[in-house]
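Engineer:
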Amino acid sequence: MKEIQVGLIGFGTVGGGLAQTLFEQDERLQRKTGCRIRLSHIADNKLASLPPPFSHIRLSQDATDLFANPDLDILVELIGGLEPARTFLLKAIAAGKHVVTANKALLSIHGREIFAAAAAQQVEVGFEASVGGGIPVIKTLKEGLVANKILHIRGILNGTANFILSKMTEEGAPFAEVLAEAQRLGYAEADPAYDIDGVDTAHKLAILASIAYGRHVCLGDVAVEGISRLEPIDIEFAHQFGCRIKLLAISVNHGEHIEVRVHPTMVPNGHMLATINGSFNAIEFRGDTVGDVLLYGRGAGQMPTGSAVAADVVDIARNIVHNAVGRVPPLAYPSPTMRPAAITPMSHLVCPWYFRVTALDQPGVLAQIAGIFGKYDISIKSVIQHGRDSKEPVHIVFHTHNALEESVGKALTEIDALAVCAAPTVKIRFLEQENRP
Ligand code: HSE
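Here my numbering is used: the first residue of the sequence shown is 32, the next is one more, and so on.
Structure below.
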């Protein structure tokens, strides 16, 4: 039976998940693939030895040993971050190794360089675990939906942010308290600002959009707003509007240009994404042939992510065994057919809005604010005032009809400059429903 040898850089949480998966599924994978996939060399500069049952595996402190190991067919990078991960992947590719990574930050910033290097060396790049943890979202998009023009992507792609919003919704808990719990549970990125500020979600959306549309979309193309300014009162108002607030990744295909954005969103309770709670992820694709497809599952964690990394390793092993390396290009489109990103400016976006204005409760205040909305052609659907106090600021919440993002920006700048306004207005976009068939 042919043996495929795998090297691993980084025996951390996910690396341990991969090792355990390959160990536990060894016999099943042999039956499924007709080859033996053996994790034979690990590099981790923080470990002096490997724990059982992995103590027999060769351990190096220096990743360079793996690039120089001629027996390795596939090299898995699971250290995260930009450097030295980028250099390690490029060196592995230069050494003719197929590579697998879960590194969404790296791919959303340096993906173009890495994919070009891999194409030149005719090696494969697997990155299933970079989006949606254990959910086979990339394989679905590249292969299952290959016969579709992707019309839109909507997703909850960050377990930490969804955990925080779910807890705030269900328990009315304050933001900081829930974040501390998410960190204790190990969901958060090394820098939890990536989870909260929407950057981790943007990394993942850039990767999905590149595959969906055959365009080089990078992190800098994605408009990002996080959830740190949300308060329990916004969750309460969302409830009154029949919605749940979710941090959504949204991409819409307009043909010549695409929207790519991440922001808190009012999702109507009847929409499936409103029902995704806790640390779970869900991704909705709309294809012109298939219609809507929703994938749901664990977006983080040792074994779910280990399962996704193992799936890449197995895919590559199968391609090696069947002389089919390069059968499916990493971004679904062969490199020469990839196009540059053409991004719809956020200022062109039109959707209904939620605004929470913090202002003094005095005669004429509402008229001033409403006057500014009128000036910018922003039509109010409903307004609710929370609290009543002539000295302390109160919350005045507006739900609008469709309004242009550019006009909203101008109106809120004027409103926030009013002497009666005590804090910057919180704005949340409603999920556009009018595009639904
Ligand atoms: N911090 C990420 C999350 C881990 O919370 O979803 C998976 O990418």
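Just so it is clear, CB atoms sit at the ideal spot from N, CA and C, and this is done for glycine as well.
Bear in mind that the values here come from a model prediction, so they are computed numbers and not experimental data.
(1) Please indicate yes or no: does the CB of Ala233 lie closer than 7 Å to some heavy atom of the ligand HSE?
(2) Under DSSP, the alpha helix (DSSP H) around Gly46 begins and ends at which residues?
(3) Comparing the CB of Ala219 with every heavy atom of the ligand HSE, is any distance shorter than 7 Å?
(4) Does DSSP classify Tyr432 as helix, strand or coil?
(5) How close, in whole Å, do the beta carbons of Ile166 and Leu326 come, if the pair is a contact with beta carbons under 8 Å?
(6) Whole angstroms is fine: what's the gap from Asn350's alpha carbon to Gly38's?
(7) Just the Cα atoms here: how many angstroms apart are Pro394 and Thr456?
(8) If Leu239 and Leu172 are in contact, beta carbons under 8 Å, what's the gap, nearest whole angstrom?
(9) Would you report the Cα separation of Ile242 and Ser282, rounded to the nearest angstrom?
(10) Hey, quick one: how far does the beta strand (DSSP E) through Asp323 stretch, first residue to last?
(11) Is the separation between the beta-carbon of Ile374 and that of Val291 shorter than 8 Å?
(12) Within its chain, find whatever has a CB closer than 6 Å to the CB of Gln92; leave out the 5 residues flanking it on each side and keep chain order.
(13) Out of Asn312, Ala204, Ile187 and Gln399, point me to the one whose CA is closest to Glu267's CA.
(14) If you follow the beta strand (DSSP E) that Ile411 is in, where does it begin and where does it stop?
(15) Where does Val130 sit, in a helix, a strand or coil, going by DSSP?
(16) Could you say which of Leu53, Leu391 and Glu212 lies nearest to Ile427 if we only look at CA atoms?
(17) DSSP three-state label for Pro468, please.
(18) Measuring only the C-alpha atoms, how far is Asn134 from Cys382?
(19) Spatial neighbours of Arg467 within its chain, please: C-beta separation below 8 Å, excluding the five flanking residues on both sides.
(20) Indicate, with yes or no, if the ligand HSE has a heavy atom lying under 7 Å from the CB of Asp343.
(21) Starting from Tyr385, follow the beta strand (DSSP E) in both directions and report where the run begins and ends.
(22) In chain order, what residues of the same chain have a beta carbon less than 6 Å from the beta carbon of Asp102, not counting five sequence neighbours either side?
(23) Could you tell me whether any non-hydrogen atom of the ligand HSE is closer than 7 Å to the CB of Asp226?
(24) From which residue to which residue does the beta strand (DSSP E) around Val457 run?
(25) Count the C-beta pairs between the region 336–356 and the region 145–160 that are closer than 8 Å, then say yes if the count reaches three, no if not.
(26) Determine the closest residue to Ser410 out of Gly47, His430 and Leu113, with distance taken between C-alpha atoms.
(27) Do you know whose CA, among Ala213, Arg89, Pro115 and Gly229, lies nearest Ser71's CA?
(28) State yes or no: is the C-beta of Lys412 within less than 8 Å of the C-beta of His432?
(29) Just confirm the distance between the C-beta atoms of Arg370 and Arg246, as a whole number of angstroms; I'd bet it's less than 8 Å.
(30) Count the other CB atoms within 10 Å of the CB of Ala99; is the residue buried (16 or more) or exposed (fewer)?
(31) Taking the alpha carbon of Thr320 as the point to measure from, which residue in Ala178, Glu463, Gly41 and Gln153 has its own alpha carbon closest?
(32) Tell whether a beta-carbon distance below 8 Å holds between Thr232 and Val293.
(33) Per DSSP, what kind of secondary structure is Asn284 in: helix, strand or coil?
(34) Go ahead and label Ala148 buried or exposed: buried means 16 or more other beta carbons lie within 10 angstroms of its beta carbon, across all protein chains shown.
(35) Using CA atoms only, rank isn't needed, just tell me which of Val439, Ile73, Ile307 and Leu106 is closest to Met377.
(36) Could you give the first and the last residue of the continuous beta strand (DSSP E) run that contains Lys33?
Structural biologist: Looking at the atomic coordinates:
(1) The count along the sequence shown starts at 1 and reaches residue 233 at position 202. Ala233: no, Cβ never under 7 Å from the ligand HSE.
(2) Mapped onto the sequence shown, residue 46 falls at position 15. Thr44 to Glu55 is the extent of the alpha helix (DSSP H) around Gly46.
(3) In the sequence shown, the residue the question calls residue 219 occupies position 188. Within the chosen limit of 7 Å, the ligand HSE reaches the beta carbon of Ala219 through at least one heavy atom.
(4) As a first step, residue 432 must be located in the sequence shown, where it is residue number 401. In the sequence as displayed, the identity of residue 432 is His instead of Tyr. DSSP places His432 in coil when its eight states are reduced to three.
(5) In the sequence shown, the residue the question calls residue 166 occupies position 135. In the sequence shown, the residue the question calls residue 326 occupies position 295. Between Leu326 and Ile166 the Cβ distance is about 5 Å, and since that is below 8 Å, they are a contact.
(6) As a working mapping, residue 350 is identified with position 319 in the sequence shown. As a working mapping, residue 38 is identified with position 7 in the sequence shown. Using only the alpha carbons, I get a separation of about 17 Å.
(7) Residue numbering aside, residue 394 sits at position 363 when the sequence shown is read from its first letter. Residue numbering aside, residue 456 sits at position 425 when the sequence shown is read from its first letter. It is roughly 19 Å from the alpha-carbon of Pro394 to the alpha-carbon of Thr456.
(8) Position 208 of the sequence shown, counting from 1, holds the residue named residue 239. Position 141 of the sequence shown, counting from 1, holds the residue named residue 172. That belief holds up - the Cβ atoms of Leu239 and Leu172 are roughly 7 Å apart, short of 8 Å.
(9) Counting from one through the sequence shown, the residue named residue 242 turns up at place 211. Counting from one through the sequence shown, the residue named residue 282 turns up at place 251. Straight-line Cα distance between these residues: approximately 12 Å.
(10) As a working mapping, residue 323 is identified with position 292 in the sequence shown. Note, Asp323: beta strand (DSSP E), Gly322 to Arg329.
(11) For the purposes of this step, residue 374 is taken as residue 343 along the sequence shown, with counting starting at 1. For the purposes of this step, residue 291 is taken as residue 260 along the sequence shown, with counting starting at 1. Yes; because the gap between Cβ atoms is below 8 Å, this pair is in contact.
(12) Taking the first residue of the sequence shown as position 1, residue 92 is located at position 61. Short of 6 Å from the beta carbon of Gln92, and not among the five residues preceding or following it, lie these beta carbons of its own chain, in chain order: Asn76.
(13) Against the sequence shown, residue 267 aligns to sequence position 236. Closest by alpha carbon: Ala204.
(14) Residue numbering aside, residue 411 sits at position 380 when the sequence shown is read from its first letter. Counting along the chain, Ile411 sits inside the beta strand (DSSP E) bounded by residues Ile411 to His417.
(15) The count along the sequence shown starts at 1 and reaches residue 130 at position 99. Strand at Val130.
(16) Position 396 of the sequence shown holds residue 427. Out of Leu53, Leu391 and Glu212, Leu391 has the C-alpha closest to the C-alpha of Ile427.
(17) For the purposes of this step, residue 468 is taken as residue 437 along the sequence shown, with counting starting at 1. Residue placement at Pro468 is poorly supported in this model, since its pLDDT is 37, which falls under 50; the coordinates still yield a value, given next. Coil at Pro468, not helix or strand.
(18) Counted from its first residue, the sequence shown places residue 134 at position 103. Counted from its first residue, the sequence shown places residue 382 at position 351. Cα-Cα distance, rounded: 33 Å.
(19) As a first step, residue 467 must be located in the sequence shown, where it is residue number 436. Bear in mind that the predicted position of Arg467 carries a pLDDT of just 41, short of 50, making it too unreliable to give a figure here.
(20) Taking the sequence shown and counting its residues from 1, one reaches residue 343 at position 312. No, the beta carbon of Asp343 sits no closer than 7 Å to any heavy atom of the ligand HSE.
(21) Within the sequence shown, numbered from 1, the residue matching residue 385 stands at position 354. From DSSP, the beta strand (DSSP E) with Tyr385 extends over Trp384 to Leu391.
(22) Translated into positions along the sequence shown, residue 102 becomes position 71. Short of 6 Å from the beta carbon of Asp102, and not among the five residues preceding or following it, lie these beta carbons of its own chain, in chain order: Gln36.
(23) Mapped onto the sequence shown, residue 226 falls at position 195. Of the heavy atoms belonging to the ligand HSE, at least one sits nearer than 7 Å to the Cβ of Asp226.
(24) Counting from 1 along the sequence shown, the entry for residue 457 is found at position 426. From DSSP, the beta strand (DSSP E) with Val457 extends over Cys452 to Phe461.
(25) Touching, yes.
(26) Position 379 of the sequence shown holds residue 410. Of Gly47, His430 and Leu113, the residue nearest in Cα terms is His430.
(27) Against the sequence shown, residue 71 aligns to sequence position 40. The shortest C-alpha to C-alpha distance from Ser71 to any of Ala213, Arg89, Pro115 and Gly229 is the one to Arg89.
(28) Numbered from its first residue, the sequence shown carries residue 412 at position 381. Numbered from its first residue, the sequence shown carries residue 432 at position 401. The answer is yes: Cβ separation under 8 Å.
(29) Here residue 370 refers to the residue found at position 339 when the sequence shown is read from its first residue. Here residue 246 refers to the residue found at position 215 when the sequence shown is read from its first residue. That pair is a contact at about 5 Å.
(30) Residue 99 sits at position 68 when you count from the first residue of the sequence shown. So Ala99 counts as exposed.
(31) In the sequence shown, the residue the question calls residue 320 occupies position 289. Among Ala178, Glu463, Gly41 and Gln153, the Cα nearest to that of Thr320 belongs to Ala178.
(32) In the sequence shown, residue 232 corresponds to position 201, counting from 1. In the sequence shown, residue 293 corresponds to position 262, counting from 1. Cβ distance < 8 Å, so Thr232 and Val293 count as in contact.
(33) The sequence position of residue 284 within the sequence shown is 253, counting from 1. Here Asn284 sits in strand by DSSP.
(34) For the purposes of this step, residue 148 is identified with residue 117 of the sequence shown, where counting begins at 1. Buried, since its Cβ has 16 or more Cβ neighbours within 10 Å.
(35) The residue given as residue 377 occupies position 346 in the sequence shown. Comparing Cα-Cα distances from Met377 to each of Val439, Ile73, Ile307 and Leu106, the minimum goes to Val439.
(36) On the sequence shown, residue 33 is found 2 positions in, with the first residue counted as 1. Going by DSSP, Lys33 is part of the beta strand (DSSP E) stretching over Lys33 to Ile40.
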